[in-house]
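FYI, the numbering for the sequence shown is 487 to 708, going by this note's numbering.
We treat Cβ as the ideally placed atom computed from N, Cα and C, and that holds for glycine.
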Amino acid sequence: MANNAESADSTYTLRYFNVVGIIETIRLLLLASKANWSEVHPEWPQEKYDQPFGRMPVLIEKSADGSPDFVLTESRTIERYLARKYGFMPTDLKEAARQEQLRDLQADVGILSNEVRLGAGNEAKERLQFLIDRLIDFHTEVLKENGDTGYFLGDKLSYVDMALYGFLSLIFSHPPPSIPTYIQDIKKSITPEIKKVIDNVESHPLLRDHLIGITQLYPLLG
487 MANNAESADS TYTLRYFNVV GIIETIRLLL LASKANWSEV HPEWPQEKYD QPFGRMPVLI
547 EKSADGSPDF VLTESRTIER YLARKYGFMP TDLKEAARQE QLRDLQADVG ILSNEVRLGA
607 GNEAKERLQF LIDRLIDFHT EVLKENGDTG YFLGDKLSYV DMALYGFLSL IFSHPPPSIP
667 TYIQDIKKSI TPEIKKVIDN VESHPLLRDH LIGITQLYPL LG
């Protein structure tokens, strides 16, 4: 459960492009923690070198005590910082590692799918299909082990629930009719257990209003 008292101590500015992109999990974490945050969209490429690593996302945290700004880049680093700070990551090291393992598998599929979209050859396509199959099977297995609650941990929203939703939002945000075959294959292979996670995230009272716009543009299971 999020530590909302702590979220009141900081304000955040999230820099990114005005698209779903790779930061949907970050947005969901900030919303679920009731953080005081805003999103800005720097001019690109004019402001490219104003960013710490010359790329986005960038998260800037301002503390109420006047301490120097805390600046982070790299999307999954930002995710894990927020997940730990606001109680969406297990305190048990093994449970936390298991969540991070799932998130890294999602990222591997996302990276390889982009390579395939840009024209990678048959070897990359075969590797992508293998990873997609493992992603669906392993996520479903973990959900079943948790009692088929529609959550990966207990019966409450956690980091990997939001990460899976963010990953699927990114993967499925291809405007029709240019939806690649491998995206269609992922949609067809979504299991009932994963569908419950999608439903739980979309119906969460702190996330629902934000996600309405995304699901209208890119229905995850449409």
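Asked, Found
"Which residues DSSP lists as bridging K520, in chain order", "None, per the DSSP bridge assignment."
"Proximity winner among Q532, T497, E533, Y637, relative to L517 (alpha-carbon distances)", "T497"
"Per-residue burial, E510 [other beta carbons within 10 Å of its own, 16 or more giving buried]", "buried"
"Option nearest E612 by Cα separation, candidates S599, M648, Q532", "S599"
"Length of the line joining the Cα atoms of I676 and I622", "7 angstroms"
"L629 beta carbon less than 8 angstroms from that of L514", "no"
"Cβ-based neighbour list, W530, same chain, cut-off 6 angstroms, excluding 5 preceding and 5 following", "none"
"Which of helix, strand or coil DSSP assigns to R570", "helix"
"Local conformation of L604 per DSSP, three classes", "coil"
"Coil, strand or helix - L558 by DSSP", "strand"
"Residue span of the alpha helix (DSSP H) that contains S689, given as start and end", "678-689"
"Alpha helix (DSSP H) segments (min. 4 residues) lying fully within the region 594-663", "608-631, 645-657"
"Burial state of Y535, where buried means 16 or more other Cβ atoms lie within 10 Å", "exposed"
"Test item: CB-CB of Y668 and L614 under 8 angstroms", "yes"
"Cβ pair F574, S644 closer than 8 angstroms", "yes"
"C-beta atoms of Q592 and F638 nearer than 8 angstroms", "no"
"Beta carbon of I700 nearer than 8 angstroms to that of V526", "no"
"Identity of the residue in N522, N608, V683 nearest Y572 by Cα", "N522"
"Beta-carbon separation (whole angstroms), T433 vs P543, contact threshold 8 angstroms", "Residue 433 lies beyond the range of the chain shown here (487 to 708); nothing can be said about it."
"Same chain, Cβ closer than 7 angstroms to E601, neighbours up to 5 away in sequence not counted", "A610"
"Between the CA atoms of I684 and G640 - distance to the nearest angstrom", "16 angstroms"
"Beta-carbon proximity list for R589, same chain, < 7 angstroms, skipping 5 on both sides", "R562, V646, A649"
"Residue from Y704, H696, H625, P691 whose Cα sits closest to the Cα of E681", "As written in the sequence, residue 681 is Lys, which differs from the Glu given in the question. When each option's Cα is compared against that of K681, the closest is H625."
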